[in-house]
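In our numbering, the protein residues as written are 616 to 863.
I have placed the structure first, in the form of structure tokens, so that the comments after it can refer back to it.
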Amino acid sequence: DQVIHMAGEVGRMVGEEYPQKMMYVNNIGTLNLIKLCLEYKTKLVYFSTSEVYGRLFDKGEAVKEEDLEKGSVFTTTNIYAMSKLFGEAIVRHYVENYNLNSITIRPFMVYGPGEHSSKYRSALINFVNSALKGETITVHKGAERAWCYVSDFVNGVHLAMQQPFSGEYEAFNIGSDEYHTMEEVARMVVQKCDAKYNQIKIIEPPNKFLSLGKKFSIEKIRNLGYAPKVSLEEGIHRVAEWQRKNDA
Numbered sequence: 616d617q618v619i620h621m622a623g624e625v626g627r628m629v630g631e632e633y634p635q636k637m638m639y640v641n642n643i644g645t646l647n648l649i650k651l652c653l654e655y656k657t658k659l660v661y662f663s664t665s666e667v668y669g670r671l672f673d674k675g676e677a678v679k680e681e682d683l684e685k686g687s688v689f690t691t692t693n694i695y696a697m698s699k700l701f702g703e704a705i706v707r708h709y710v711e712n713y714n715l716n717s718i719t720i721r722p723f724m725v726y727g728p729g730e731h732s733s734k735y736r737s738a739l740i741n742f743v744n745s746a747l748k749g750e751t752i753t754v755h756k757g758a759e760r761a762w763c764y765v766s767d768f769v770n771g772v773h774l775a776m777q778q779p780f781s782g783e784y785e786a787f788n789i790g791s792d793e794y795h796t797m798e799e800v801a802r803m804v805v806q807k808c809d810a811k812y813n814q815i816k817i818i819e820p821p822n823k824f825l826s827l828g829k830k831f832s833i834e835k836i837r838n839l840g841y842a843p844k845v846s847l848e849e850g851i852h853r854v855a856e857w858q859r860k861n862d863a
């Protein structure tokens with residue numbers, strides 16, 4: 616048996632607006648699940664976030680799982696990242712001192728149908744919503760991301776879950792290695808939504824909370840057989856079709 620721990624408060628904006636709630640829910644909740652997993656001798660699959668790498672992204676190199684060991688808590692750029700990094704620290708403590716059977720998943724830019732647009736949701740989801748409504752799509756200049764379709768992400772998680780317990784703390788980056796600037800993403804969205812190109816507005820990015828680049832390595836999970844299949848163009852098409860029926 617395995618407990619898949621995806622519950623919690625999510626997102627940079629949520630963390631900045633409700634920091635106490637985020638820290639309490641994400642960390643006391645994790646501690647409660649750890650205690651139960653130890654009691655029932657059950658594996659814990661802890662879902663962290665790519666945000667834990669923080670300013671390590673600023674180096675411009677693809678971050679690997681072990682690179683976080685060389686950084687510190689002070690590399691994080693927002694409350695959400697801090698809450699998840701502390702959650703990882705709690706899990707690590709129980710792995711190393713109480714033999715908790717656990718792995719950590721670090722998701723990178725996961726998207727797909729079923730996610731409603733709001734100021735707390737990802738840029739891609741909001742881009743599609745804006746395009747379908749004929750609204751301006753605001754893009755941060757110079758930002759680049761690799762978006763991972765949800766079914767590919769789930770396949771990666773499943774592969775990680777099948778690995779035997781190593782006896783040590785272990786984390787997996789799971790995402791795509793198909794990188795695009797956010798302006799390119801906006802253009803794809805405009806095309807798939809039959810919108811007008813002049814809806815795209817390029818602005819300077821805010822200095823706070825945002826890493827322009829998020830390069831990362833998925834070599835570790837690829838070595839287990841992981842191979843993303845859904846292109847960004849196809850993924851946007853699926854999201855747009857869902858939003859046309861449910862959200863726009």
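All C-beta atoms in this analysis are idealised placements derived from N, C-alpha and C, irrespective of residue type, glycine included.
CA nearest to the CA of N642, picked from G702, L747 and L648 | G702
Contact test: D616 Cβ vs the ligand ADP heavy atom, cutoff 7 Å = Annotation note on the ligand ADP: not contained in the displayed structure, which lists no ligands.
Nonlocal neighbours in the same chain, by C-beta distance under 6 Å from E785, ignoring five residues either side | I718
Would you mind working out which of V625, G623, R859 and A696 sits nearest K748, comparing C-alpha positions?
-> R859
Considering V833, what are the terminal residues of the beta strand (DSSP E) in which it resides?
-> Residue 833 is actually Ile in this sequence, not Val. First-last for I833: undefined, no H or E at that position.
Could you name the residues of the same chain whose beta carbon sits closer than 6 Å to that of I817, not counting the 5 residues immediately before and after it, in chain order?
-> V754 and K756
Residues bridged to Y661 (per DSSP) = H620 and T719
CA-to-CA distance, E666 to R627, given in whole angstroms | 9 Å
Considering only residues of the same chain and omitting the five flanking positions on each side of Y841, which have a CB-CB separation below 6 Å?
-> G771 and L774
Give a yes or no on contact between the region 707 to 727 and the region 646 to 659, applying the rule of three or more CB pairs nearer than 8 Å.
-> yes
Compare the C-beta of C652 with all C-beta atoms of chain C and state if any pair is closer than 8 Å.
-> Structure shown: chain C not included; a single protein chain is present.
Under 8 Å between the Cβ atoms of A761 and F787?
-> no
Taking only the alpha-carbon atoms, compute the straight-line gap between H731 and I740 and give it to the nearest angstrom.
-> 7 Å
Pull up the CB-CB distance for K830 and V678, whole angstroms please, since I reckon it's below 8 Å.
-> 7 Å
So, helix, strand or coil for F780, using DSSP?
-> coil
Close-in-space but distant-in-sequence residues of the same chain around G644 (CB under 7 Å, 5 per side omitted) | A622 and G623
Runs of beta strand (DSSP E) lying entirely within the region 672 to 751, each at least 3 residues, in chain order | 717 to 722
Run through DSSP, which three-state label would A842 get?
-> coil
For Y794, which residues from the same chain have a beta carbon less than 8 Å from its beta carbon, with the 5 sequence-adjacent residues on both sides left out?
-> E759, R760, A761 and K830
Residue of L839, Y709, K844 and T751 minimising C-alpha distance to E654 | Y709
With a cut-off of 8 Å on the beta carbons, I'd call Y695 and V629 a contact; round off their distance for me.
-> 7 Å
Where does K807 sit, in a helix, a strand or coil, going by DSSP?
-> helix
Is it right to say D673 is buried, meaning 16 or more other beta carbons lie within 10 angstroms of its own, or is it exposed?
-> exposed
Excluding sequence positions up to five away, which residues of its chain have a Cβ less than 7 Å from the Cβ of L648?
-> V618, H620 and L659
Is it buried or exposed for Y639, if we count other Cβ within 10 angstroms and need 16 for buried?
-> exposed
Could you tell me the distance, in whole angstroms, from the CA atom of E834 to the CA atom of Q778?
-> 15 Å
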